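Chemist: Protein chains in written order, with my numbering: chain E, 1 to 632; chain A, 1001 to 1305.
Virtual Cβ for every residue (Gly too), placed ideally from N, Cα, C.
Every value quoted in this text rests on a predicted model; they were computed, and no experiment measured them.
One structure is given below, represented as structure tokens, and several questions about it will come after.
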């Protein structure tokens, strides 16, 4: 048997080996800031070791004349690209956390898959708008890229007609070209019984019936509320969850089930050849394409759920682009000598103070049987829930307001931006994007970081020693809320003398309490935000008493909540904006939501990608793959 | 023996039925799947219509009866997320998980058992300490951490293997090692302790006294008798690999059943969620059953009647 000394030596040796391995894994302990040379692996070596490594770009196909010039505007210093202008082609590989299922029927589409499938270049909506700061205006270029050639709004007849362009083929030639019947079919599927199309309710507010009059004309009979004036934006790449146009012939020839996942039932600039949910999409460029010709030859999306592995794949040259959280993006840029690319508008992240259900009447007529709006299960305005005020009770309301104000003032957005988002987050000024640049901005809406004032307010509210409370952080919807960011806020509250008890239930499991209005604790989430959010978007929608609908944990008092209808019925965007400003004033005066940061989504881009002009509207998603150019 | 087999089969069926009840109850307690789809524009009418389309408008008992009846025929319904048959989704992912499981199992066997035997036979030597250190590290290192470390070292630093995904044999190495690592360590411990016990037994001493060759004592007389514990572990391990490869599959973006099951929970996708768990339960019950039968085959002293 070995001596005790030998055993110790073995232990020390094993520890040293482990330490060395960890050091190697972590970059050998070198100062990352001292790294000047990029880690650019030789493509040949990588290809030999990893057969699925991205193929080198092939300089064969000439770029299409319609390809857009790249106008990448990354926040971090972008590395200058000195590569000669390539002629196009190549095989583009993109790493994403998840891949949506191939569903090409609006009736069965779910959640964020609406916009992803469309913005990734596979399906297409009715209209297209180039990005511009709000208010969005339609111009000629928008029309040239839309499926609609012209439209006519007949206010006397309360109808809207769309004239559909010719020459828009489905990927499967058997299905012919997009015509009016396809468009009407696509919308009617969204309205079908049992449809999970999230925006069906929104469309139904103004579309009574939609039908094909002939091969090129779609007739919409509008509801009594009148035809939606900004339908172009609603049905464009600007908006989320736009109806995709699919083939009626496919549905009739193949049947519902087979046409649903038929990869050629769509019209996008990339034609999918293999598509497995949460695994991979392989596709090839459609040339010529009616809207624009892609520059690369093939496009592949690989689902890589883990952030660190996605980063490793990028560094290892297995993928060209990676969807990464902000703090990973800086590391990726450093290690690949690549760049960060903004892909969408800012996403506001902050705190909702749930439980303030102040609606008393069913003014929308949609509360449903047994769904008394005055008896919301989460309306617990007691000492255990001091952030919840009792509407009509001035003392209770004032106490709750002071508590919410104090909690807001304990949050230091600058520190959060630096530490959590690598400095890539902006200050969020208000829910729904209002900021000091807006003409309607009111100085009283600005609430800063002020711990002394927070303590004073706590004292005035009768909670000088603080209080404990539940605090929900959704851990699994990271595109909307960063859990680490939300945890850091909890620590700031602890520093301010409060005792948050963090709950990290999965969003899908907790969401029913929002629908049922039983949610009664502060929670971290988005409230849109970002400068790209149109100020005329209905800001009341999530805070009204509607049976079976999602809510933020708040129900506005009747006189404010009823503005929901006013905004929906108002046709003029400028007037909608004015009403929204009043709503925002109410929100900010009572501090029902603490706006903290606007997180601008950035993607990490390898240096081989020499051009990319993503659409930087209000959606935080990858877009415009047809504009991506690879170096030779 | 036959009575034993029949009894175990009946137990298995009862367990599956209880599991089905639990799965159904728990999945319904997780919330109404419609609430995954609604937003601020959903109306009460469309909410009800969604319920009818999903079969949620009937009493729970009826829903359970229909679901269980269909499940017995392999019909778990259509995925609410992908809109294809839940069973097809699961079966589509099964080969990837089976391949990963096979790789991990082979790694665990060829690493753990020889090292366990070596550690026992060379007790107190360098090999013994090496084996025990390996076992200690193997069981202490979480799979998630190990997987990421292997990627950073093997793939990123040395560029020897791909980081993730499923492809040719090079894609199997890191996930298989990660998944099999902890089990290899367990095999080392189990084999070592079983071998030590056997090597200390009277019949081995007698064989040595008779002058039987050392190799024969180790591999013929001791090793076979020492296999009972690792064999028991193997059966459970196989089922655990199939059902527990979730972390490894997620780290390496491996398109298997584990990641499908997790995704179905996130998506509140009842059909896939319940189907996955039913099939996982079937694996466990089946593996236990096979191991029980194999006991008697391996060790003639074990008779069930």
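Which runs of the beta strand (DSSP E) at least 3 residues long sit entirely within the region 388-440 of chain E? Give them in chain order.
Modeler: Listed in chain order, they are 425-427.
Chemist: Starting from residue 350 of chain E, follow the beta strand (DSSP E) in both directions and report where the run begins and ends.
Modeler: Taking the first residue of the first chain as 1, we reach residue 350 of chain E at position 350. 347-353 is the extent of the beta strand (DSSP E) around residue 350 of chain E.
Chemist: Terminal residues of the continuous beta strand (DSSP E) containing residue 271 of chain E?
Modeler: Start at 1 with the first residue of the first chain, and residue 271 of chain E comes out as number 271. Note, residue 271 of chain E: beta strand (DSSP E), 270-276.
Chemist: Which residue spans inside the region 88-162 of chain E form an unbroken beta strand (DSSP E) run of at least 3?
Modeler: Correct list: 91-96, 148-154.
Chemist: Grab me the residues of residue 1225 of chain A's own chain with a C-beta within less than 7 Å of its C-beta, minus the 5 sequence neighbours each way, in chain order.
Modeler: Sequence index remark: in the second chain, residue 1225 of chain A carries index 225 (1-based). Correct list, in chain order: 1198.
Chemist: Are the Cβ atoms of residue 538 of chain E and residue 298 of chain E separated by less than 7 Å?
Modeler: Counting from 1 along the first chain, the entry for residue 538 of chain E is found at position 538. Counting from 1 along the first chain, the entry for residue 298 of chain E is found at position 298. No.
Chemist: Using Cβ-Cβ distances below 8 Å, what residues of the region 1251-1275 of chain A are close to chain E?
Modeler: Of all residues in the region 1251-1275 of chain A, 1251, 1252, 1253, 1255, 1259, 1260, 1263, 1265, 1266, 1267, 1268 have a Cβ within less than 8 Å of some Cβ in chain E.
Chemist: Quick check: the region 210-228 of chain E against the region 96-111 of chain E, are at least 3 beta-carbon pairs closer than 8 Å?
Modeler: The region 96-111 of chain E, when compared against the region 210-228 of chain E, does not touch it at the 8 Å Cβ threshold.
Chemist: Helix, strand or coil for residue 593 of chain E, going by three-state DSSP, please let me know.
Modeler: The sequence position of residue 593 of chain E within the first chain is 593, counting from 1. Of the three classes helix, strand and coil, the one that applies to residue 593 of chain E here is strand, per DSSP.
Chemist: Below 7 Å CB to CB, which residues in the same chain sit around residue 279 of chain E once its five sequence neighbours on both sides are set aside?
Modeler: Working through the first chain from its first residue, we reach residue 279 of chain E at position 279. 99, 303, listed in sequence order.
Chemist: Report the partner residues of residue 469 of chain E according to the DSSP bridge assignment.
Modeler: Position 469 of the first chain holds residue 469 of chain E. The partner list for residue 469 of chain E (beta bridge, DSSP) reads E:500.
Chemist: Given a threshold of 16 other Cβ atoms within 10 Å of its Cβ, counted over all protein chains shown, does residue 608 of chain E qualify as buried or as exposed?
Modeler: Residue numbering aside, residue 608 of chain E sits at position 608 when the first chain is read from its first letter. So residue 608 of chain E counts as buried.
Chemist: For residue 570 of chain E and residue 545 of chain E, what's the separation of their Cα atoms in angstroms?
Modeler: As a first step, residue 570 of chain E must be located in the first chain, where it is residue number 570. As a first step, residue 545 of chain E must be located in the first chain, where it is residue number 545. If you take the alpha carbons of residue 570 of chain E and residue 545 of chain E, they lie about 20 Å apart.
Chemist: DSSP three-state label for residue 522 of chain E, please.
Modeler: Position 522 of the first chain, counting from 1, holds the residue named residue 522 of chain E. If DSSP states are grouped into helix, strand and coil, residue 522 of chain E belongs with the strands.
Chemist: Sort out for me which residues DSSP pairs residue 323 of chain E with in a bridge.
Modeler: Within the first chain, the letter at position 323 stands for residue 323 of chain E. Partner(s): E:603.
Chemist: Spatial neighbours of residue 386 of chain E within its chain, please: C-beta separation below 7 Å, excluding the five flanking residues on both sides.
Modeler: For the purposes of this step, residue 386 of chain E is identified with residue 386 of the first chain, where counting begins at 1. Taken in chain order, the residues that qualify are 399, 400, 403, 461, 463, 467.
Chemist: Count the other C-beta atoms from every protein chain shown that fall within 10 angstroms of the C-beta of residue 352 of chain E, then say buried if there are 16 or more, exposed otherwise.
Modeler: To locate residue 352 of chain E, count along the first chain from 1; it is residue 352. It counts as buried.
Chemist: Looking at residue 1117 of chain A and residue 1191 of chain A, is the spacing between their C-beta atoms short of 7 Å?
Modeler: Taking the second chain and counting its residues from 1, the one referred to as residue 1191 of chain A is at position 191. Taking the second chain and counting its residues from 1, the one referred to as residue 1117 of chain A is at position 117. Their beta carbons are under 7 Å apart, which means residue 1191 of chain A touches residue 1117 of chain A by this criterion.
Chemist: So which residues on chain E does residue 1163 of chain A lean against when the C-beta distance must stay under 7 Å?
Modeler: Residue numbering aside, residue 1163 of chain A sits at position 163 when the second chain is read from its first letter. Ordered by position in chain E, the residues that pass the 7 Å Cβ test against residue 1163 of chain A are 309, 312, 313, 316, 318.
Chemist: Roughly how many angstroms separate the alpha carbons of residue 442 of chain E and residue 585 of chain E, rounded to a whole number?
Modeler: Indexing the first chain from 1 puts residue 442 of chain E at position 442. Indexing the first chain from 1 puts residue 585 of chain E at position 585. Between residue 442 of chain E and residue 585 of chain E, the C-alpha separation is close to 8 Å.
Chemist: Using alpha carbons as the reference points, say which of A:1275, A:1013, A:1287, A:1283 lies closest to residue 1233 of chain A.
Modeler: Position 233 of the second chain, counted from the start, is the residue given in the question as residue 1233 of chain A. Ranking A:1275, A:1013, A:1287, A:1283 by Cα distance to residue 1233 of chain A puts A:1287 first.
Chemist: Starting from the beta carbon of residue 1234 of chain A, find every residue of chain E whose beta carbon is closer than 8 Å, and list them in chain order.
Modeler: Counting from one through the second chain, the residue named residue 1234 of chain A turns up at place 234. Here the premise fails: no neighbours, minimum Cβ distance about 28 Å.
Chemist: Can you tell me which of A:1219, A:1123, A:1229 puts its alpha carbon nearest to the alpha carbon of residue 1306 of chain A?
Modeler: A query on residue 1306 of chain A cannot be resolved here, the shown segment of chain A reaching from 1001 to 1305 and no further.
Chemist: So if I threshold CB-CB distances at 9 Å, which residues from the region 1078-1090 of chain A count as touching chain E?
Modeler: Within the region 1078-1090 of chain A, the qualifying residues are 1078, 1079, 1080, 1081, 1082, 1083, 1084, 1089.
Chemist: Where does residue 259 of chain E sit, in a helix, a strand or coil, going by DSSP?
Modeler: On the first chain, position 259 is the one that residue 259 of chain E refers to. Helix at residue 259 of chain E.
Chemist: Give the DSSP-derived three-state secondary structure of residue 166 of chain E in the structure shown.
Modeler: On the first chain, position 166 is the one that residue 166 of chain E refers to. Residue 166 of chain E falls in the coil class under three-state DSSP.
Chemist: Cβ of residue 620 of chain E less than 7 Å from any chain A Cβ?
Modeler: Against the first chain, residue 620 of chain E aligns to sequence position 620. Not an interface residue.
Chemist: Which term fits residue 218 of chain E, buried or exposed, when burial requires 16 or more other beta carbons within 10 angstroms of its beta carbon?
Modeler: Here residue 218 of chain E refers to the residue found at position 218 of the first chain. Residue 218 of chain E is buried by the Cβ-count criterion.
Chemist: Pick helix, strand or coil for residue 35 of chain E, following the three-state DSSP scheme.
Modeler: The residue given as residue 35 of chain E occupies position 35 in the first chain. Legend: pLDDT at residue 35 of chain E = 29, less than 50; position of this residue unreliable, value from coordinates given subsequently. Residue 35 of chain E: coil per DSSP, three-state reduction.
Chemist: At a cut of 8 Å, does the region 175-184 of chain E reach the region 193-204 of chain E through at least three beta carbon pairs?
Modeler: Too few Cβ pairs lie closer than 8 Å, so no.
Chemist: Could you tell me whether the Cβ of residue 334 of chain E comes closer than 7 Å to any Cβ of chain A?
Modeler: If you number the first chain from 1, residue 334 of chain E lands on position 334. Chain A, which has no Cβ nearer than 7 Å to the Cβ of residue 334 of chain E, makes this no.
Chemist: Should residue 235 of chain E be labelled buried (16 or more other beta-carbon atoms within 10 Å of its own) or exposed?
Modeler: As a first step, residue 235 of chain E must be located in the first chain, where it is residue number 235. Counting Cβ neighbours within 10 Å, residue 235 of chain E comes out buried, since at least 16 surround it.
Chemist: Evaluate contact between the region 445-459 of chain E and the region 472-480 of chain E, counting only Cβ atoms and requiring at least three cross-stretch pairs below 8 Å.
Modeler: Counting Cβ pairs under 8 Å, fewer than three are found: no touch.
Chemist: With DSSP collapsed to three states, give me the class of residue 253 of chain E.
Modeler: Locating residue 253 of chain E in the first chain gives position 253, counting from the first residue. Looking at residue 253 of chain E - three-state DSSP - the assignment turns out to be helix.
Chemist: Say whether the region 487-496 of chain E touches the region 405-415 of chain E, bearing in mind that this needs 3 or more beta-carbon pairs closer than 8 Å, one atom from each stretch.
Modeler: In short, these stretches touch, since the Cβ pair count reaches three.
Chemist: Quick one: Cα of residue 343 of chain E to Cα of residue 318 of chain E, how far?
Modeler: By one-based count along the first chain, residue 343 of chain E stands at place 343. By one-based count along the first chain, residue 318 of chain E stands at place 318. So the two alpha carbons sit approximately 21 Å from each other.
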